[in-house]
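All remarks here apply to the structure that follows.
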Amino acid sequence: MNFFNYQYLGRKHLQGLNEYKYNAIDTSPISLYIMQPFWNKCVEFFPRWFAPNLMTFLGFLLLVFNFLIFSYYDFDFTESLALPNWIWLVAAICQFCSHQLDGMDGKQARRTKSSSALGELFDHGVDSWACFLFPVSIFSAISQDEYGFTPMAMHFLLWTIYASFIDSHWEKYNTKILYLPWSYDISMLFMTITYLLAYIFTPTVFRFDIPILNVPFSKLILFVWPVFAIGTSIPISIKHIQA
C-alpha cells in the first residue's frame, strides 16, 4: 500500500467535514468558574496572527519533552528518588503550560475566526497521544518499588484513560454533542500539583501507608484512578445517548 497516495477520506467523509459544526457542553465547576475565566484573560496576550493549531502543537511538544526527560533519566520507573530535583519543577511547568495552551487554542480559533473541523480534528488527534504521555510521565513520581505500581498496574491504568477518551468521542458520535468530562481539568491540575510536591518534598512524599487501611498510598491510587476515570465518563455517556 502506498500510504502517501492512499485516499483515507472519501467524498462522504469530506462532505461531513464541510457540514460539521462544533457543539460542546461544559458543566464542570472547575472549568466554568476557574479555568475558563483564566483562559479568557490569558488568550488576550497572544497576537491574533498566532495560529491556534500552533498553540495545540506547542502544548503537545511540552508533553513530549516531559516524556523524553523521564525516559532518559528513569526509563524503567525505578529511579524516582535519584532523579535530579530540577526535573520535577520542569515537569510541573511543562504540564501546567500544556494544559493552558490546550484550553486556549479553541478560544484563539474563535477569536481569530479561524475555527474549523480540521483544527478540532488536529486538536483531538493530539489529545489521543496525550492520553499516553500524561500517565507514563506521572508514573515516575510513584515508581514501581514496594510503594509504587507494578508494570501490569501501569498498563491497566493506561487503559482506563484510553477507555474514557474513546467513550467521550463515542458519545459525541451518537449525540453530536461533546460533553466535556469533569475529570479533565481535575486530572491536569492534579498532575501539576504532583510534580510540585515531588519537587518540594521529593517523591518520598508519596511513599507512605494509609492510616487504618495499612496499605501503600499507591494501592489507593490504583483503586481511585479507574473509578474516577471510568465512573465519571461511561455511565454519564450512556445516559446522554439514551436521552
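Throughout the sequence shown, residue numbering follows this note's numbering, covering 50 to 292 in sequence.
Glycine residues also receive a C-beta, built at the ideal position from the N, C-alpha and C atoms.
As the structure is a prediction and not an experimental result, all values here were calculated from the model.
Could you tell me the distance, in whole angstroms, from the CA atom of His204 to the CA atom of Gln64?
Rounded to the nearest angstrom, the two C-alpha atoms are 38 Å apart.
Quick one: is Pro101 buried, meaning 16 or more other Cβ sit within 10 Å of its Cβ, or exposed?
Taking every protein chain shown into account, the CB of Pro101 has 16 or more other CB atoms within 10 angstroms, so this residue is buried.
Where DSSP assigns a beta bridge to Ile74, which residues make up the other side?
Bridge partners of Ile74: Tyr228.
Rounded C-alpha distance that separates Asp234 from Ser164
Rounded to the nearest angstrom, the two C-alpha atoms are 22 Å apart.
Cβ of Leu138 within 7 Å of Cβ of Tyr248?
Going by C-beta atoms, Leu138 is nearer than 7 Å to Tyr248.
On the DSSP bridge list, what partners appear for Pro296?
In the structure as shown, the chain begins at 50 and stops at 292. Residue 296 is therefore absent and cannot be evaluated.
For Trp274, which residues in the same chain have their Cβ closer than 6 Å to its Cβ, ignoring the five residues on either side in sequence?
Cβ within range, chain order: Leu206.
Ala141: which of Asn115, Cys91, His173 sits nearest, CA to CA?
Among Asn115, Cys91, His173, the Cα nearest to that of Ala141 is on Asn115.
Outcome for His148 when other beta-carbon atoms lying within 10 angstroms are tallied against a minimum of 16
A buried status is given to His148, since no fewer than 16 other beta-carbon atoms sit within 10 Å of its beta-carbon.
Indicate whether the contact test is met: 3 or more Cβ pairs, each with one atom in the stretch 172–182 and one in the stretch 260–274, closer than 8 Å.
Flag = no, the stretch 172–182 and the stretch 260–274 do not touch.
Assign Asp258 to one of three DSSP states: helix, strand, or coil.
Note: Asp258 maps to strand in three-state DSSP.
Specify whether the stretch 219–232 and the stretch 76–87 touch according to this definition: at least 3 beta carbon pairs, one from each stretch, less than 8 Å apart.
The stretch 219–232, when compared against the stretch 76–87, does touch it at the 8 Å Cβ threshold.
Buried/exposed call for Leu58, threshold 16 Cβ in 10 Å
Leu58 is exposed by the Cβ-count criterion.
Does Pro284 come out as helix, strand or coil in the three-state DSSP assignment?
Helix at Pro284.
Looking at the structure shown, is Pro265 part of a helix, part of a strand, or coil, going by DSSP?
In this structure, Pro265 counts as strand in the three-state DSSP scheme.
Straight-line gap, Ser192 to Ile215 (C-alpha atoms, nearest Å)
Going by the C-alpha atoms only, they are around 27 Å apart.
Among residues of its own chain, excluding the 5 on either side of Glu220, which ones have a beta-carbon nearer than 7 Å to its beta-carbon?
Around Glu220, the same chain offers Tyr228, Ser286, His289, Ile290 as residues with beta carbons nearer than 7 Å, after the five sequence neighbours per side are excluded.
Beta carbon of Met104 nearer than 7 Å to that of Leu132:
Between Met104 and Leu132, the C-beta gap is not smaller than 7 Å, which leaves the two residues out of contact.
So for Asp293, helix, strand or coil by DSSP?
Outside the displayed range of the chain (50 to 292) lies residue 293, so it cannot be described from this structure.
Cβ-Cβ distance between Leu117 and Pro252 below 7 Å
No, the Cβ-Cβ distance between Leu117 and Pro252 is not below 7 Å.
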